[in-house]
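Engineer: Handing you a structure now.
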Amino acid sequence: MVIQTRNLSVRIGKVPILSGIDLHVERGDIVTVIGPNGSGKSTLLRTLIGALKPSGGQVIREPGLSIGYLPQRLHIDETLPMTVKRFLQLPHRVPYAEIQAAMANAGVPGLLDQQLMSLSGGQLQRVLLARALLDKPGLLLLDEPTQGLDRRGASDFYRHIDSARKTLNCAVIMVSHDLQVVMRQSERVICLNGHICCEGKPEVVSNSAEYRELFGFEDEEDTLALYKHRGHDHSAGCIREAG
Amino acid sequence: MLDDFLVRAALAGIGVSLAAAPLGCFIVWRRMAYFGDATAHAAMLGVALSLTLSTPIFAGVLLISLLMAVTVSTLSGRGYAMDTLLGVMAHSALAVGLVAVSFLSGVRIDLMAYLFGDILAVGKTDLAIIWGGALLVLVMVGYRWSALLLSTLNPDLALASGISPRREQLVLTIALAIVVAVAIKVVGVLLIAAMLIIPAATARRFSRTPEVMALMAAIIGACASVTGLTFSYHFDSPTGPTIVCVVAFLFVVLNAVNTLTRRMGRHFRSGQQVL
Chain A
27 MVIQTRNLSV
37 RIGKVPILSG
47 IDLHVERGDI
57 VTVIGPNGSG
67 KSTLLRTLIG
77 ALKPSGGQVI
87 REPGLSIGYL
97 PQRLHIDETL
107 PMTVKRFLQL
117 PHRVPYAEIQ
127 AAMANAGVPG
137 LLDQQLMSLS
147 GGQLQRVLLA
157 RALLDKPGLL
167 LLDEPTQGLD
177 RRGASDFYRH
187 IDSARKTLNC
197 AVIMVSHDLQ
207 VVMRQSERVI
217 CLNGHICCEG
227 KPEVVSNSAE
237 YRELFGFEDE
247 EDTLALYKHR
257 GHDHSAGCIR
267 EAG
Chain B
277 MLDDFLVRAA
287 LAGIGVSLAA
297 APLGCFIVWR
307 RMAYFGDATA
317 HAAMLGVALS
327 LTLSTPIFAG
337 VLLISLLMAV
347 TVSTLSGRGY
357 AMDTLLGVMA
367 HSALAVGLVA
377 VSFLSGVRID
387 LMAYLFGDIL
397 AVGKTDLAII
407 WGGALLVLVM
417 VGYRWSALLL
427 STLNPDLALA
437 SGISPRREQL
447 VLTIALAIVV
457 AVAIKVVGVL
467 LIAAMLIIPA
477 ATARRFSRTP
487 EVMALMAAII
497 GACASVTGLT
507 FSYHFDSPTG
517 PTIVCVVAFL
527 FVVLNAVNTL
537 TRRMGRHFRS
547 GQQVL
């Protein structure tokens, strides 16, 4: 077990965001979390890294677990001068050869001397991934990692994550809006809406009534309504599949 | 050598500049410019406290600054915006301090000395306190440097790396309280924030990494201290404010030069392209 939650619930202020989350992730797993806006996806990841305290239940990490994290948004204040090279060495120094290799693997070899602030959204995502992998994490937490990347860039990015998972034998938990890619790449999908609506292999989830209702797929053509959340009955039977 | 009051004053100014430089950078990066002000204003209450209890000024100021720093750190993010909280605490503490000082009977106090500092009156003990405090701050900040930087850049990235941003913030505020306490003699309550912020702000345009910025801020601050002291000696102007004037002057001139050279560089490059 890399990370596990037991009956986890999280409130922000007085508003309950997550409740009853049971999650169990092993090394080598790749889990994708999907859900409409405000369904608690980022909250879940931020709770896993310890930025938010659970209001109930618990998060159990593998002892000595090192985590690579890609935040949903990284705001770089313009008052802080920071080269990519320096950023990759936070919080501790890394041999230069390793940095170069990490940047080359992430597909951005020439950026080391640039200011972090001057990077484009896509470049920044790749640099963040390079940094997250430098520490050889046991768990990689990615919050919408392909935002700012074009189609080609996104699929390269996913391929890179997948190869890192194999070489490091780490677990990956990823939030994504890119439903088609999710359905193709993940081994396990968790459909979140304050609680786990349904969970399992992509085919199982995409065929579940819960998922279709949550993402508004009653009408197959109606892709514009992708994220329109129709009020649905939380007590309705959830489809779950082990593993 | 230390028997010369000018040498002591110069060493005091340099000591404060060295400690203020890295802290000033963090204040600029974290957009907490008002924090330095608030801690410094609260220090006035510390002055009153020390005079009442007849303890060394440094001790009272350090105590109140630390209290202020810890209170604000704990209270922030609990329903009040940081700047509101600082505004309330800073000016209340300053006011209470000034009122308290006025009630102290039998003691004739030169309030100006605390508001604007009296660097020329720095004695050997003061000098020891200033350098002791400065070294302590440098060691604290140096030891936590990377953790502080990452927490400043993004608290969640820090957490994922096993660093607690709250703890780092506490380290920073404690270091700030120490600097305020040791700097009061040099530039006074009202001008400490200037010594924290202006050198760092001046260094920003010339720095590519955080380390360079902190180093440049230290150099700018130290130069300004010595230059300000010299001016003040020759023109008989108040020393603390003169030092701050020099820093402000450097800020304006260096930024103007920087903008100009960039423009000329661009002009030159575009000229070449035309040719």
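Keeping their order, the protein sequence lines are chains A and B.
Quick note, the first sequence lines up with residues 27 to 269 if you use the working numbering.
Quick note, the second sequence lines up with residues 277 to 551 if you use the working numbering.
Beta carbons: idealized from backbone N, C-alpha and C, even for Gly.
None of these values were measured; they are calculated from a predicted model.
Would B:A297 and B:A493 be called neighbours here (beta carbons separated by less than 8 Å)?
Structural biologist: yes
Engineer: Is B:M471 helix, strand or coil when you go by DSSP?
Structural biologist: helix
Engineer: If you measure from the beta carbon of B:R484 to each beta carbon in chain A, is any gap under 8 Å?
Structural biologist: yes
Engineer: Report the option in A:Q149, A:G64 and A:Q115 whose CA atom is closest to the CA atom of A:P135.
Structural biologist: A:Q149
Engineer: Check each residue of the region 58-89 of chain A: if its Cβ is closer than 8 Å to any Cβ of chain B, include it; give the result in chain order.
Structural biologist: R72, I75, G76 and A77
Engineer: Quick check: the region 481-490 of chain B against the region 503-519 of chain B, are there 3 or more CB pairs under 8 Å?
Structural biologist: no
Engineer: Answer yes or no: do A:E10 and A:S146 have a C-beta to C-beta separation smaller than 8 Å?
Structural biologist: Lying outside 27 to 269, the shown extent of chain A, residue 10 of chain A is not represented and no answer is given.
Engineer: Whose C-beta lies closer than 6 Å to the C-beta of A:P280 among residues of the same chain, with five residues either side of it excluded?
Structural biologist: In the structure as shown, chain A starts at 27 and stops at 269, and residue 280 of chain A therefore has no counterpart that could be examined.
Engineer: Since A:N219 contacts A:P107 with CB under 8 Å, what's their CB separation in whole angstroms?
Structural biologist: Rounded, the Cβ-Cβ distance is 42 Å, inconsistent with contact.
Engineer: Apart from the five residues just before and just after B:L412, which ones in its own chain have a Cβ nearer than 7 Å to its Cβ?
Structural biologist: I454
Engineer: Where does A:V110 sit, in a helix, a strand or coil, going by DSSP?
Structural biologist: A:V110 falls in the helix class under three-state DSSP.
Engineer: State the DSSP-derived secondary structure class of B:H543, mapped to helix, strand or coil.
Structural biologist: helix
Engineer: So, for B:A286: in the same chain, excluding its five sequence neighbours on each side, which residues have a beta-carbon less than 6 Å away from its beta-carbon?
Structural biologist: Answer for B:A286: V502 and L505, listed in chain order.
Engineer: Mind checking which residues open and close the beta strand (DSSP E) that includes A:R37?
Structural biologist: I29 to I38
Engineer: I need the boundaries of the alpha helix (DSSP H) containing B:M320, first residue and last residue.
Structural biologist: A309 to L329
Engineer: Leaving aside the five residues before and after B:A457 along the sequence, list all residues of the same chain whose C-beta is less than 8 Å from its C-beta, in chain order.
Structural biologist: A319, G322, F334, V337, L338, S341 and G409
Engineer: Ignoring anything shorter than 4 residues, give me the alpha helix (DSSP H) runs that lie fully in the region 160-236 of chain A, in order along the chain.
Structural biologist: 177-194, 205-211 and 228-233
Engineer: For a cutoff of 8 Å on Cβ pairs, would you count A:L100 as touching chain B?
Structural biologist: yes
Engineer: Taking the beta carbon of A:E229 as the centre, do at least 16 other beta carbons fall within 10 Å, making it buried, or is it exposed?
Structural biologist: When all chains shown are included, A:E229 counts as exposed.
Engineer: Assign B:L380 to one of three DSSP states: helix, strand, or coil.
Structural biologist: coil
Engineer: Excluding the 5 residues preceding and the 5 following B:V372 in the sequence, name in chain order all residues of the same chain whose CB lies nearer than 7 Å to its CB.
Structural biologist: L321
Engineer: Please list the partners that B:R480 has in chain E, where partner means a Cβ-to-Cβ separation under 8 Å.
Structural biologist: The displayed structure is made up of protein chains A and B, and chain E is not among them.
Engineer: Would you decide whether A:R185 is buried or exposed? Buried here means 16 or more other CB atoms lie within 10 Å of its CB.
Structural biologist: So A:R185 ends up on the exposed side.
Engineer: Leaving out five residues before and five after B:D359 in sequence, what residues of the same chain have Cβ atoms less than 7 Å from its Cβ?
Structural biologist: Y310
Engineer: Mind checking A:E124: buried by the 16 CB within 10 Å criterion, or exposed?
Structural biologist: exposed
Engineer: Note down, in chain order, each residue of its chain lying with its Cβ closer than 7 Å to the Cβ of B:V465, except the 5 sequence neighbours on either side.
Structural biologist: A316, H317, A319, M320, Y390 and L391
Engineer: Residues of the region 159-187 of chain A in Cβ contact with chain B at a cutoff of 8 Å, in chain order, please.
Structural biologist: Of all residues in the region 159-187 of chain A, those with a C-beta nearer than 8 Å to a C-beta of chain B are D161 and L167, reading in chain order.
Engineer: Considering only residues of the same chain and omitting the five flanking positions on each side of B:H543, which have a CB-CB separation below 6 Å?
Structural biologist: none
Engineer: Note down, in chain order, every chain A residue with its Cβ under 7 Å from the Cβ of B:S437.
Structural biologist: P117
Engineer: What's the C-alpha gap between A:E246 and A:E88?
Structural biologist: Its pLDDT being 48, under 50, A:E246 is placed unreliably by the model, and the measurement read from it follows with that caveat. One C-alpha to the other measures close to 42 Å.
Engineer: Buried or exposed for B:P332, please, with buried defined as at least 16 other CB atoms from any protein chain shown within 10 angstroms of its CB.
Structural biologist: exposed
Engineer: Short of 7 Å in beta carbon distance, which residues of its chain neighbour A:S65, apart from the five on each side in sequence? Order them along the chain.
Structural biologist: L218, N219 and G220.
Engineer: Please give the ranges of any alpha helix (DSSP H) in the region 98-161 of chain A, keeping only runs that are unbroken, at least 4 residues long and fully inside the region.
Structural biologist: 110-114, 122-131 and 147-160
Engineer: In whole angstroms, what is the alpha-carbon distance linking B:R443 and A:K67?
Structural biologist: 27 Å
Engineer: Would a check of beta-carbon distances place B:S422 closer than 8 Å to chain A?
Structural biologist: yes
Engineer: Verify the CB distance criterion: does B:M489 have a CB-CB separation below 8 Å to chain A?
Structural biologist: yes
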